[in-house]
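In terms of the working numbering, the sequence shown opens at residue 630 and continues consecutively. Every residue, glycine too, gets a C-beta built ideally from N, C-alpha and C. Notes follow once the structure below has been shown.
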Amino acid sequence: MTTYFDTLETRSADERAADLATALPQQIARAKALPGYAQTFADVDPASITDVAALATLPVLRKSDLGKAQAAHPPFGGFTVKPPAGNAHVFQSPGPIYEPGGIGADWWRAGRAMFAVGIGAGDIVQNCFSYHLTPAGMMFENGARAIGAAVLPAGTGQTELQARAAHDIGVTAYAGTPDYLKVILDKAGEMGLALKITKAAVGGGALFPSLRQEYADRGILCRQSYGTADLGSVAYETKAMEGMIVDEGVIVEIVTPGTGTPVAPGEVGEVVVTTLNPDYPLIRFATGDMSAVLEGESPCGRTNMRIKGWMGRADQTTKIKGMFVRPEQVAALVGKHTEIVKARVVAGRDGEMDTMTVRIEADGGDADAYGRTVADVLKLKGRIEVVSPGSLPKDGLVIEDARSYD
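Printed below as a string of structure tokens:
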């Protein structure tokens, strides 16, 4: 029998839509009241943003935007409800980007993902996510506390001490990057120490099938979650092992890279997330990660949207003929002609020279006019290929680098 973290996970589509119609306008109103959103949301009526379709009309917030705002108005750029001293923690991620942190009510929502692994009361979690400056360690400690598990705040490194502590304390669960658990297990084996770890909640890196199987062979159930330092938990695996379930505290959209335009269901695109965290209302925050919606409901009984997991990075910026071509430029190219459905820039080589081919999905159109727009927007000349709508691959790429670097 499947057990759930709470009743939110099994809401009907109508119940979820009704709850969203209440929660989303409230969150937009919170955001609009903050200095960071004051200009971009000046003409937005929060009461009109009641579903994902309406949300998609708002601009995307990128990490680069966050960084610029924080540089001008440190440390949070005007995007947080509380002042710096009003938060339980202040973190620094590479960039640097500064994030607030709270300790109440599973602030980052990691407890839901850990519960899906089977971790709970009676478990001792060896938390090997970093506690230094970045928030991952506190995310999972807070999540463990929410589900009644004890925590060994191990952090990273000092593997021999970690193996000894896991043995002496009787650790039953692990939280950390996928590969570091193997390091601890192997070190414990070298030291002749038997460990009791049977559950692992992993993230922050790729969990390869061979590694997951090795853990299974050792009697350890290993499931992964996906999140960011800014947003907290975004999606997580369950026993169904069919994609990842979107967390109940966020709204996920999949958009064409470099834009805020949603792709068709099942197509690969950039993950854009809106968090319902009242302390830190990030609205349409572009993660830079690629994924796709997995249609249908999970056999595990949870009813929220599923994504296929991490499928690469959306930043496809590529240098061609010494000039950078960015996804935003390709989006601008599409916007110049109403008949263009989508476009794809392909970087190639002819001998020792770079080439650029721009494949444009359109029902007819003037290739010469497209060529002039390409030169104007991309600042490069290239070969134009007009193809019929639906011809380009649905893999999320707007810039393809077909050059060989061997």
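Would you please state the rounded distance, in angstroms, between the beta carbons of residue i and residue j? I believe it to be under 8 Å.
i	j	result
F720	P764	4 Å
L962	V1003	6 Å
L1021	K950	Contact doesn't hold; Cβ gap of about 22 Å is too wide.
V1027	V959	4 Å
I726	L695	6 Å
A783	N756	6 Å
L781	K811	Wrong, their Cβ atoms sit about 18 Å apart, outside the cutoff.
E638	E877	6 Å
S1040	A869	The chain is shown only over 630 to 1035; residue 1040 falls outside these bounds and no answer can be derived.
G772	D735	6 Å
T947	D1030	5 Å
R1032	G977	6 Å
F634	G733	About 17 Å; that fails the 8 Å criterion.
M952	K1008	6 Å
Among the options, which one has its Cα closest to the Cα of residue i?
i	options	result
T806	F708, R852, G730	R852
E866	V800, E819, K937	K937
A646	N933, G861, G941, Q945	N933
F670	M919, G941, L690, G977	L690
D680	A921, S1033, R913	R913
Y909	L649, K661, T631	K661
G730	K711, I748, G740	K711
Q787	V831, I813, Y760, M630	I813
S677	K965, A650, V881	A650
P894	A652, P838, G1025	G1025
L762	T785, G740, I748	T785
A698	P907, V673, A996, Q668	Q668
D995	K965, L822, A830, F837	K965
T709	I748, L905, E957	L905
D979	R1012, G993, R1001	R1012
L822	F837, D797, E843, Q842	D797
P723	H702, A701, P713, S693	S693
Hey, would you say residue i sits closer than 8 Å to residue j, going by beta carbons?
i	j	result
G898	T885	yes
E1014	T986	yes
I969	A943	no
M795	L824	Here residue 795 turns out to be Ala, not Met, going by the sequence shown. The answer is yes: Cβ separation under 8 Å.
P675	P654	yes
Y803	I826	yes
I753	V800	yes
G861	W939	no
R988	V975	yes
T903	L684	yes
A817	A792	yes
S927	E871	yes
V929	T636	Per the sequence presented here, residue 929 reads as Cys, with Val not at that position. Not in contact: C929 and T636 (Cβ atoms no closer than 8 Å).
G707	G665	yes
I880	R931	no
R955	G1019	no
I748	K828	yes
E924	K1023	no
R640	P907	no
L790	D859	no
Run through DSSP, which three-state label would residue i get?
i	result
L962	helix
T788	helix
E644	helix
S854	strand
F769	helix
D859	coil
Y666	coil
H796	helix
P891	strand
Q945	coil
T867	coil
A775	helix
I1028	strand
S677	helix
E877	coil
K971	strand
G917	strand
I912	coil
T984	strand
G740	helix
G818	helix
I989	strand
D979	strand
T651	helix
A734	coil
L690	strand
A783	coil
Does any heavy atom of the ligand SAH sit closer than 7 Å to the C-beta of residue i?
i	result
A775	This structure does not include the ligand SAH; it has no bound ligands of any sort.
Legend entry - Cβ pair count under 8 Å reaching 3, the segment 776-784 against the segment 744-751: Flag = yes, the segment 776-784 and the segment 744-751 touch.
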